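Worksheet: one structure, shown below.
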Amino acid sequence: MMKYTLLYISASILICFGAGCTKWLDVHPKTNISEKLLFEDEQGFKDALTGIYVKLASSGLYAREFTMGAMDVFAQQYDVSGSTHSYYEFGKYNYENAAVRGRIDQFWNVSYNTIANINNLLMNIESKKDVFSEGYYELIKGEALGLRAFLHFDLFRAFGPIPAQGLQERSIPYVDVFEMTVKPNLIANDFIARCLRDLDQAIDLLSEHRSVNYGVADPFKSHTRNHMNYWAANALKARIALYIGDKETALESARVVIANASQFPFIQRNNLIGTAPNRTFLSEQLFGIYVPTLKNINDALFRESSGGNVLTNTDAFITTLFEGSSTDFRRVFLWKTDGATDQLYPVKYWTDDIQTDALNTKRIPLIRLSEVYYIAAEASDVLLDKISYLNTVRANRGISALNEDLTESQIDEEIFKEYRKEFYQEGQLFFYYKRRNVLRITGYGLEMTAQEYVLPRPNDEIEFNNN
Amino acid sequence: MDKLLTKLYYPILLTMLIFAVTPAVVSGQTNTISIDEKGITLNEFLTKIRQQTGYDFVFSSTKLDFNQRISPKFTKANIDAVLAQYFNPNTGVVFMIDQKTIVLMDEENAAMKTIEGRVMHAQTKQPIRGASITSELKKVNTKSGAEGEFQIVVPEYERYLTITYVGMATEKVSLGSNRPIYVEMQEKMEEIEDVVVTGLFSRPTENFTGAATTVSGDQLRNVNAMSLFDALKVFDPAVRIPDNLEFGSDPNKLPDISLRGTNNFPVQGQGGATNQSGADFMAAYQYNPSMPLFMLDGFEVSLQKVYDLDINRIEKITILKDAVATSAYGSRAANGVIVVETKQPQAGRLNVSFTSTLQVTAPDLTSYNLLNAKDKLELERISGLYRTNRPENQFILDQRYSNRMAAVASGVDTYWLSQPLQTGIGTKQSVYVEGGDNHIRYGASAGYTNNKGVMKQSDRETFEGGMVLSYRKNDFILRNQLNISSNTADNSPYGSFGDYSRLNPYWNPFDANGNVVKVLETLTNFGVGGLSTISNPLYNANIGTVNQSKYTGISNNTFLEWRIDGGYRITGKLGLTKQNDEGNVFLPADHTAFSNITDYNSEAYATRGSYDRSNSSFFNYDASLVGDYSKTFGKSLIFATLGFAVAEQQSKSTAISVIGFPNNRLDEIFYGNAYQNGSRPRGHNNISRRFSSFANLNYSYDQRYLFDLALNVDGSTQFGELNRYAPFGAVGLGWNIHEEDFMAPLQRYVNRFKIRGGVGTTGSQQLPPYMAITTYEYNTAQDYLGAYGATMLGYGNSNLQWQETLKYNLGTDLSLLSDRFILRIDAYYEMTNNLLLDVNTPPSLGVSSYKENMGKLSNKGIEGNLNAFIFKPGQSNLTWSVFVNAIHNKNEIKEISNALKKMNEANDQNDQQRPQQRYIEGESVNAIWAVRSAGIDPSTGQELFYTRDGQLTYVWNAADKVIVGDGIPKVSGNLGTNLAYRGFQFGAYFSYQLGARQYNQTLVDYVENADLAMNVDERVFLDRWTQPGDKTFFKGLTDVEGNTVTNATYATSRFMQKNNFLNFTSISLGYILPEKWTDKWKLKNTRLTLQGNNILQLSTIQVERGLSYPFARNFTFTLNTSF
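In the order they appear, the protein sequences are chains A and B. Residues 1 to 467 in this note's numbering are what the first sequence spells out, letter by letter. Residues 468 to 1590 in this note's numbering are what the second sequence spells out, letter by letter.
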């Protein structure tokens, strides 16, 4: 009798041991949520994707250094010649300086960390396809793939070779799984192929979501411009193709966007005055990042009170840049004097005079419609088309149309001028220089070489990744 | 009396005894005596007995002194008991009763008689070999043979034999006749007296092959009446609690405790989450990964719980060290286990015991040697503090010097060290009530402890209440144990002691009226001008500064036991624990921390004052079902246990920081006017679960050959998903050589000679859960268009395993000359594999490091304990014993990860004014690395170093560092002695260590690198280089050119010193009041004890100890009594 009781008890416990307990041991602490629990439903995938956008909006990445900060300084957009200026060493491309190196390492580390977040989301999404409501699987996966391509491409633009010289060289790793196996540094062309493969898949998935929403029932879908979207993915494809010299693809992709340019109407003069001036050109943004703390970031860099950080340029420099124009929106509305100096302060993100809390604030543009026109202009073989694309933008910037008899090199010069005027505080100009392998950058006395154009990989990367 | 006559009596008397006396003794009713006289003669006493009982006396003794005065006091006492009081082997005169005749005779004249008999198992009817047979009075001892037979020669006056055997109830048999005695022994599992309690099951010490030390509560209280851990370390050298040089005797700092060597690398940087509940035993490992497991009455508890436990409630403590003893704990066992049992109520009439302790705590400042005001000022002058080559500044300096000079001249010489200190008077009161019968027993305890620190207003106050109820019906026992405790820990508002030790003695903390000043001195700045001030930390104490933490905890343990015939027993246990903690740190606006905010118009001015509040809670349940089985088969004895347990821990916390308390009186957190800028609520919410199953088998054959087997399978949420279940096991073998036949001739000399050895695996699971599982964290600091996102915390290595420690142990127990010398030696080797370490990765993988099982660390050592009873208890009024114990441990790093190697490099970039950790394979974790010094060059006053390859150089280079010593001693241990004479008890205990080396940081920080603007060690004057040719130990204050030396001294072998010490840990003097004194108050077991703790330290190194909180000497006075 007794022995049987013992037997029963032991047996019942063993059953629990075999089956139930494994489940029982799966606990879900609230401080740290296991991936299994997070990716249990659609909301979890949304939250993980939101987390990725928040990471993009960190000051080490697009909320500061990769756009208005270090990247623009590398393009010599500001006067940082004072030796006590906190960006002084950046302006000298002194990548061995600890402060410079620290921020460059941050580009790399935070970008790849964000990529790891994307990868883990993508690794979980296939087995959970059935938890999504209509269209969300495609939307979330498409956005994630698009962002993976976006981040890798920006890493490539920063740390990869000068495209004119090194597309056969080893570049950096393309990471598409989250695991602890070291990934090889890919040949640049292979790297770009991987980017485009992700991007094509993203475009395919996102093609169901072509509308540009604001304020629909689902907050997740309400801000198309601030998520990687179908149009942004096409524009990105054009950007990548042009970067490696594939003009055909570049033009083709640019045209996809241009054909639907009405979704992204150019900003009008009256949008830039009044109580809510739209200086970030929100309606033109194919993709922009939302940064709730943008005012603080702006005020720490672009105000007189910013002290040793202040990023400005001289009145003379700006006047020359804008060719003395007094009508160019970008000169008239995006520069101010802050106090009685001859320095001009860029005010794309300045919000002190905005009286009604407008939508256009707290956003940093990453891809705008104007760039798509520039890409099309550069990629097109037809001179008249080139001029026409440029004139579309010029007309919407308050400056006169170009003559239709310009030569190809004159058009290239005009495109270059547009890049310099258009992308202040957006970090694109340095990559233009690198793509064109420009030898001389206004504001830097020496010739540019790979030494300056190719940012150094972090020491930890070099030490632990010798593939 | 005629000797011849008495001799003739014996055969006759003895035969009669069988028929007549035995029934009388057994019934015990008829022959009772009541007597209450003071100072009567022996003659009168015997007469009274004769009158009351009608017995006659026959005297054959020459030692009897009939005029001896005695004060007998008996009420209805049995005649045997009355006579035994005065006539026994100790008094030299013994008695025998023959029918109605009492024979008194000299002990040495007693004839011997031979008793034969057999010992059998009552149930199996098998003979029992090795049962111990002892005579009642003379303690003659023998053991039963293979067939259970024995033969014992005892004096004729012996009346009883006691038969004991492991696993059996003790039998007491009366010596009726010369007929052989036949004893049947009953199995009695739960009342084995000499057992090792592992917290999961109990095993007879005799049969156990593991390494364990058992210390009784009384032994502990003899060493220290207040602090459990200070007492515990005396009894086992393996218990390592290094002095906390930083926090000294702060009653609110829990000790860092480890057993044998450390099986982990020290925690790098700040470990763990903030504000964990003190009851959270999982969290504590993040601060001390080498901490042993604590079991209180069968349930795992935190260090804090044991630390705050009333020492008077402790029945005994068992320290389990090797794999055989701990493997049943599986993944929790690697650091050893400390098993604490509290007192359980005894049957009997209501018994109330009461303990009252008074503790006087006095600061021990002997390690501090600071300059007085006059010398300090002189030092400043000669070291050039008042000289400058800029005339405009020289004026400021001259004024500063003359102001200070004036202060010194007026007699200011503040002894800052004593300012924040007090002599603390602490107290501890415990009451324990118990009683009941065989069915219902109850116990209730209440305790109050106020542990005063030596910093003013620092104390630790604990209230404890507990209740035990047990009910037994037939084969069932239900026991419930409820405990509630409440604790308040106040840290001194005076701040850190270190703030005081560096203040200059020429500063006066008081103004002319005796009020505390806020500013000690106002200094005029050079150049830009303006003033800077030096704050008086004393000021903070009187403005309402609060630094307090408190908790309330409740635990309830329920046991249900079912005994089944045939040696089975099933026990179900359920333990519930809940604790709520709160922490408060309030600094009013007036606090010197805000004294740099002086602009009345600034925004910051209104934000002065801060309040940090944290709340945490912990809940835990632990349920288990254990089956025990014990059986004798022929010569085999088996104890088996099979158990299952499930446990869950939930831990939560929140913390907030509030600022802006402009008025000192507004001292509640809700008076604050803002949250701290950029701060948000912090906290955590964790849950973890564990499933354990364990089995243990203890087998002995013929009491000679012993075998232990332990198995455990643990499942834990802490492990990686791919390794959810961890198996552990251990095997132990033992040989009781003293039981062998060939040892029979030595039986008189060797009471016990056991050799035992064991090998097994144990684990530790102290890792945050996200290391094994990829986890996400919601980031509430930044939204994305109204949505909050979740981001990954790191790479969860799902292959992650528990750390596994392979342990070998070989030991012997030797007991000689009737247990006069007891020696225990254990040698061990422990190898921790799969050590959890960071592995660096290229950041392109998304993380810079992750956790991997890849380190290896080994510890080997030997420990021993020798007890010698110079006068054994029971032989005379005097007992005297001495003991000495020792441990030697060697630690070696076998394998480390790339991350630790990288940390070595990073450490070479750190502050080099103290030796930095460096982990090298093949070396010890505790190795101290510094550059070898060739001393001070007499010609230049600069230090000369040896490079790695032996070249002399003036240049200090981190690459030239070599191992210059090890912080862990070659030998450490304790020694002590106990003496008892009649009611007096005396104990003295010392601890020692030999062969350790320490970097004398005091000589570096407060002598050579001293900041001369603040107070320094008085050795700053001694042996300094002053001019070429001086052969000195210290660098000069000035160099050859007479300029102040400013380059700091980096880690150099010059400051490595031997750290051998002898600590007078404890001295105690106790007196047990004779019952005749206390009877009138109806008290019994009354005892007074005086104790001194940490009285003296003799050390080869003179270094400041207790930097943030001083060390203390304690004196306690304890009164125990019961009624």
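Just so it is clear, CB atoms sit at the ideal spot from N, CA and C, and this is done for glycine as well. It should be emphasised that the depicted structure is a prediction, and the values quoted were computed from it without experimental measurement.
Asked, Found
"Spatial neighbours of residue 1171 of chain B in its chain, beta-carbon cut-off 7 Å, leaving aside the 5 residues before and after", "1202, 1203, 1206 and 1207"
"DSSP bridge partner residues for residue 915 of chain B (one or two, in chain order)", "B:896 and B:930"
"Contacts around residue 1351 of chain B, its chain only, beta-carbon distance under 6 Å, and the 5 residues preceding and following it disregarded", "1333 and 1442"
"The segment 124 to 137 of chain A: positions lying closer than 7 Å to chain B by Cβ", "none"
"Bridge-paired residues (DSSP) for residue 1465 of chain B", "B:1524"
"Under 9 Å (Cβ pairs) to chain B, residues found in the segment 447 to 465 of chain A", "457, 458, 460, 461, 462, 463, 464 and 465"
"C-alpha gap between residue 1293 of chain B and residue 801 of chain B, whole angstroms", "17 Å"
"Interface flag, residue 1349 of chain B vs chain A, CB-CB below 8 Å", "no"
"8 Å Cβ cutoff, residue 668 of chain B in contact with chain A", "no"
"Sub-8 Å separation of residue 1468 of chain B and residue 1385 of chain B beta-carbons", "no"
"Element boundaries [beta strand (DSSP E), containing residue 842 of chain B]", "Taken as a continuous stretch (DSSP letters only), residue 842 of chain B belongs to no beta strand (DSSP E), being part of the alpha helix (DSSP H) at 840 to 849."
"When B:1329, B:1416, B:1491 and B:1486 are compared against residue 1439 of chain B, the one with the closest alpha-carbon", "B:1329"
"Length of the line joining the Cα atoms of residue 290 of chain A and residue 362 of chain A", "6 Å"
"Beta-carbon spacing of residue 1241 of chain B, residue 1259 of chain B below 8 Å", "yes"
"Within chain B, partners of residue 146 of chain A - CB distance below 9 Å", "By Cβ distance, chain B contributes nothing, its closest Cβ being about 16 Å from residue 146 of chain A, past 9 Å."
"Chain B within 8 Å of residue 209 of chain A, Cβ atoms only", "no"
"Interface flag, residue 25 of chain A vs chain B, CB-CB below 8 Å", "yes"
"Inter-stretch contact (C-beta, 8 Å, three-pair minimum) for the segment 1496 to 1510 of chain B and the segment 1390 to 1408 of chain B", "yes"
"Beta carbon proximity, residue 292 of chain A to chain B, threshold 8 Å", "yes"
"The segment 928 to 937 of chain B touching the segment 981 to 1001 of chain B, judged by at least three CB pairs closer than 8 Å", "no"
"Sub-8 Å separation of residue 1193 of chain B and residue 1178 of chain B beta-carbons", "no"
"Three-state secondary structure (DSSP) of residue 451 of chain A", "helix"
"Inter-residue spacing [alpha-carbon to alpha-carbon] between residue 1041 of chain B and residue 777 of chain B", "23 Å"
"Within chain B, partners of residue 182 of chain A - CB distance below 9 Å", "1308, 1309, 1311 and 1312"
"Contained alpha helix (DSSP H) runs [length at least 4] in the segment 1016 to 1095 of chain B, N- to C-terminal order", "1070 to 1073"
"Residues near residue 1519 of chain B in its chain [Cβ-Cβ closer than 6 Å; skip 5 each side]", "1397, 1398 and 1400"
"Three-state secondary structure (DSSP) of residue 115 of chain A", "helix"
"Among B:693, B:1083 and B:664, the one whose alpha carbon lies nearest that of residue 1584 of chain B", "B:693"
"Distance between beta carbons of residue 668 of chain B and residue 1108 of chain B, contact taken as under 8 Å", "4 Å"
"Cross-strand partners of residue 285 of chain A (DSSP beta bridge)", "A:368"
"7 Å Cβ cut-off: residues of chain B touching residue 171 of chain A", "Residues of chain B passing the Cβ test: none, with the nearest at roughly 11 Å."
"Chain-ordered neighbours of residue 104 of chain A on chain B, where CB pairs are closer than 9 Å", "The contacting residues do not exist; residue 104 of chain A stays about 12 Å from chain B at best."
"Reduced DSSP category for residue 266 of chain A - H, G, I as helix; E, B as strand; rest coil", "coil"
"Option in B:1180, B:1122 and B:632 with minimal Cα separation from residue 1148 of chain B", "B:1122"
"Rounded C-alpha distance that separates residue 459 of chain A from residue 1421 of chain B", "32 Å"
"Selected residue, minimal CA-CA separation from residue 1152 of chain B, among B:1118, B:542, B:1371 and B:1169", "B:1118"
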